[in-house]
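S.K.: Supplied in structure tokens, the structure appears directly below.
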Amino acid sequence: MVRALSIAVWLLLIILPVGSGVLFLLLTSLDAKTGVSLAAFSELLLGYESILSSFALAVVAPFVACYLALLMAPGILRKPRLQQLLSPLLSIPHVAFAVGLMLLMSPSGWLVRLVEAISGLFPVPPASWPLPEKFLVTVIIVLTLKELPFLLLMISAQLKQLPVKSWLVQAQSYGYSERQAWWRIVTPELLRRMTLPMAAVIIYSLSVVDIPLLVGSNTPAVLAQRVYEWTFQFAANSQIKAMTGAWVLLVMALLLLLMNSKHSVLYRRLVLGKRAVTPGRLNSDKASRYAWGFLGFLSFGVITVLALQSLASSWFYPNLWPAALSPERWQTEWSYLLEPTVHSFWLALLSAITGTIAAMVLLQRQRQKAVKSFYWPVLIALLIPQVPLVLGWQRVLGQQLTEGWQLWWVFWSHAVYTLPYAYLVLHGAYTSFNEQWLIRAQSLGYSARAAWWRVMLPMLKQPVAIAFAVAFSVSIAQYLPTQWLGQGATPTLTTEAVSVASGGDWRIGSLYALLQMLLPLLVFIAVGGIRKGSYAEHS
């Protein structure tokens, strides 16, 4: 039965979406009227700023987030409860996080107002503030801070599989300090194991559209944003540029994946060389504490400022607090909020359940075949930029998107992306499960299936719940599949938040962003209750 289910998962959620999208994109690219054009390619190269911006975004944000996560990871070893701090930030979708961060740290944000209230330095919003509302650096900072909790979660999962404490003790017996041991012995192995999660983050950063629409520069826009905008222009020249840009994104993705595959090897050569200055010589303990403190402040600050803005009747600069708090805006806008909220909830619930169950089926099949390593084809949808892949889906489905099937196709596209994330989260706990528990259960008369239901599944309920929560959050955050396959008939909190906030209306945008954040946050709170229940059972 597991074999049959795994074949169905492979066909419906991996081979069909990836194969059909890429194949149809290839065939469409050969069309004389709308296919790839050398002239369009030359035009893209002449406007190289978009390509360079996309490349910088896909390199800087993931790698800064990676090393910040490595700097902070020893804190999880010393204080495992710190991992609970990841839940609020993991639950905040990228769009809600970007809106909250702008309300908190933009030139007219709450932090500038606080400085003005204390010192009087900024009677008007500063023009040269380091986090402007529309700039490539702003997109890099948003993505760095938003991907940091996910990478920390991936690292913490690997720390449970490695004898890290033993390695640190042995290294210190050879004269290394604990910090040097972390960067010289533990980090190289973590980087090797983080190749696939990092690949997913890099490709997401390359192809992200919603965050650049919100806080990115429009002159020049990143390449994924330009391709997205060209697809909505019906002129033949625009369609040719969109198709050509999609292939440029694919080529860039291949180059970035190649760079990422050499990351751990390059780290070993540079950092473990005889003359290398390792990060371990820095005061990383203090830096780690500051980073965790900043992460906690950021989590609380984003949630608080979104809530305040959604209730503020008026809040003019440089006032530190709103003139008054009132639910009037919620009452006025609720009729517009209801449909996107319902769509977001049901799409996230069904696609998260589908993705989590599919991941468990694939992992169970791996256990039967005694394969413990990451099976990279499961993650193939994360290793292809969303823009060309979803564009391929849109062209394949064609008429199906105008016959009332949009909601089901959007659900399917969300499940394609919830599966690999659930697989990433579940992989370590599932493949390292102690077989002795199942052997003992079968020795007591349980069948193999009953042992799985009665023993293995209850013992794995915590990682399964976390995988479901992450998958739920991933579905809530989906923008391109919802926008393109939904054809405007399936509005969600994400599509509406981007539409409203990208137009500059942060007040209404805060309503959508807050609701977009609250749905996954409630799921993560429920997961926290499951985690506490697990601790109580084992204590």
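Each residue of the sequence shown is one higher than the one before, counting from 1182 in my numbering. C-beta: ideal position from N, C-alpha, C; glycine also.
Helix, strand or coil for Ala1128? Go by DSSP, reduced to three states.
M.R.: The structure shown has nothing for residue 1128, since the chain only spans 1182 to 1720.
S.K.: Just reading off the alpha helix (DSSP H) that Ser1234 is part of, what are its end residues?
M.R.: Note, Ser1234: alpha helix (DSSP H), 1230-1259.
S.K.: Should Ser1272 and Leu1324 be called a contact, given that it needs their Cβ atoms to be closer than 9 Å?
M.R.: Cβ distance not < 9 Å, so Ser1272 and Leu1324 don't count as in contact.
S.K.: Excluding the five sequence neighbours on either side, which residues of its own chain have a C-beta within less than 8 Å of the C-beta of Leu1506, listed in chain order?
M.R.: Hits under 8 Å: Leu1489, Leu1492, Ala1493, Ser1494.
S.K.: Mind reading off the beta-carbon distance from Pro1274 to Pro1701? Whole number of angstroms is fine, and I expect it under 8 Å.
M.R.: Yes, they are in contact, since the Cβ atoms of Pro1274 and Pro1701 sit about 7 Å apart, within 8 Å.
S.K.: Counting pairs of beta carbons, one from the segment 1252-1265 and one from the segment 1653-1662, are three or more of them closer than 8 Å?
M.R.: No, the segment 1252-1265 does not touch the segment 1653-1662.
S.K.: What first and last residue would you give for the beta strand (DSSP E) that runs through Ser1494?
M.R.: Start and end: 1493-1495.
S.K.: Which first and last residues belong to the alpha helix (DSSP H) in which Met1283 is found?
M.R.: Met1283 -> alpha helix (DSSP H) spans 1275-1286.
S.K.: Let me know if Trp1428 comes out buried or exposed under the rule of 16 or more other beta-carbons within 10 Å of its beta-carbon.
M.R.: So Trp1428 counts as buried.
S.K.: Give a yes or no on whether the C-beta atoms belonging to Ala1468 and Leu1252 are separated by under 9 Å.
M.R.: In this structure, Leu1252 lies closer than 9 Å to Ala1468 by Cβ.
S.K.: Enumerate in chain order the residues of its own chain whose CB-to-CB distance from Asp1391 is below 6 Å, with the five nearest sequence positions on each side excluded.
M.R.: Same-chain partners within the cutoff: Val1276, Tyr1660, Val1679.
S.K.: May I have the straight-line CA-CA distance separating Leu1439 from Asp1686, to the nearest angstrom?
M.R.: For Leu1439 and Asp1686, the distance between alpha carbons rounds to 40 Å.
S.K.: Can the beta-carbon of Val1645 be found less than 9 Å from the beta-carbon of Leu1607?
M.R.: Closer than 9 Å, so yes.
S.K.: Look at the alpha carbon of Arg1374 and the alpha carbon of Gly1290, and state the distance between them as a whole number of angstroms.
M.R.: Going from the Cα of Arg1374 to the Cα of Gly1290 covers about 39 Å.
S.K.: Of the residues Ala1308, Ser1218, Ile1647, which one's Cα is nearest the Cα of Gly1709?
M.R.: Taking only the C-alpha atoms, the option nearest Gly1709 is Ile1647.
S.K.: Whole angstroms is fine: what's the gap from Val1636's alpha carbon to Val1542's?
M.R.: Using only the alpha carbons, I get a separation of about 17 Å.
S.K.: Taking 9 Å as the threshold (C-beta atoms), are Leu1641 and Thr1535 in contact?
M.R.: Contact: no.
S.K.: Counting Cβ pairs, one atom from each stretch, are 3 or more of them under 8 Å apart for the segment 1584-1593 and the segment 1526-1534?
M.R.: Flag = yes, the segment 1584-1593 and the segment 1526-1534 touch.
S.K.: Sorted by chain position, which residues of the same chain lie with C-beta nearer than 6 Å to Phe1748's C-beta, five sequence neighbours on each side aside?
M.R.: The structure shown does not extend to residue 1748, since the chain spans only 1182 to 1720, so no value can be given for it.
S.K.: Under 8 Å by Cβ, that's how I've got Val1483 and Leu1285 pegged, so tell me the actual separation to the nearest angstrom.
M.R.: 6 Å between Cβ atoms; contact.
S.K.: Starting from Glu1224 and walking both ways along the alpha helix (DSSP H), at which residues does that stretch end?
M.R.: Unbroken alpha helix (DSSP H) run through Glu1224: 1219-1227.
S.K.: Alpha carbons only, please: which of Ala1380, Ile1384, Gly1426, Ile1383 is nearest the one belonging to Ala1402?
M.R.: For Ala1402, the nearest C-alpha among the options comes from Gly1426.
S.K.: Between His1595 and Ser1532, is the Cβ-Cβ spacing less than 9 Å?
M.R.: In contact: His1595 and Ser1532 (Cβ atoms closer than 9 Å).
S.K.: Name the DSSP bridge partner or partners of Ala1423?
M.R.: DSSP, once it has assigned bridges, lists no residue as partnering Ala1423.
S.K.: Assuming Ala1405 and Leu1436 form a contact by the criterion Cβ under 8 Å, report the distance between their Cβ atoms to the nearest whole angstrom.
M.R.: Wrong, their Cβ atoms sit about 15 Å apart, outside the cutoff.
S.K.: Would Lys1346 and Ala1610 qualify as a contact pair, given that the criterion is a beta-carbon distance under 9 Å?
M.R.: No, these two residues do not count as a Cβ contact at 9 Å.
S.K.: Can you tell me whether Ser1613 is buried or exposed, with buried defined as 16 or more other CB within 10 angstroms of its CB?
M.R.: By the neighbour-count rule (16 or more Cβ atoms within 10 Å), Ser1613 is not buried but exposed.
S.K.: Measure the C-alpha to C-alpha separation of Met1283 and Pro1311 and round it to an integer number of angstroms.
M.R.: Computed Cα separation, rounded: 12 Å.
S.K.: Kindly confirm or deny that the segment 1357-1377 and the segment 1441-1449 touch, where touching means at least three C-beta pairs closer than 8 Å.
M.R.: Yes, the segment 1357-1377 is in contact with the segment 1441-1449.
S.K.: Would you kindly work out how many angstroms separate the C-alpha atoms of Ser1358 and Ala1352, rounded to a whole number?
M.R.: About 8 Å.
S.K.: Roughly how many whole angstroms lie between the Cα atoms of Thr1412 and Gln1581?
M.R.: One C-alpha to the other measures close to 18 Å.
S.K.: For Ser1398, which residues from the same chain have a beta carbon less than 7 Å from its beta carbon, with the 5 sequence-adjacent residues on both sides left out?
M.R.: Cβ neighbours of Ser1398 beyond the five flanking positions: Lys1315, Phe1316, Leu1317.
S.K.: Determine the contact status of Val1389 and Leu1270, defining contact as a CB-CB distance below 9 Å.
M.R.: In this structure, Leu1270 does not lie closer than 9 Å to Val1389 by Cβ.
S.K.: Does Pro1672 pass the burial test, meaning 16 or more other C-beta atoms within 10 Å, or should it be called exposed?
M.R.: Label assigned to Pro1672: buried.
S.K.: Taking CB distances under 9 Å as the criterion, tell me whether Leu1334 reaches chain C.
M.R.: This model lacks chain C altogether, as it is built from one protein chain only.
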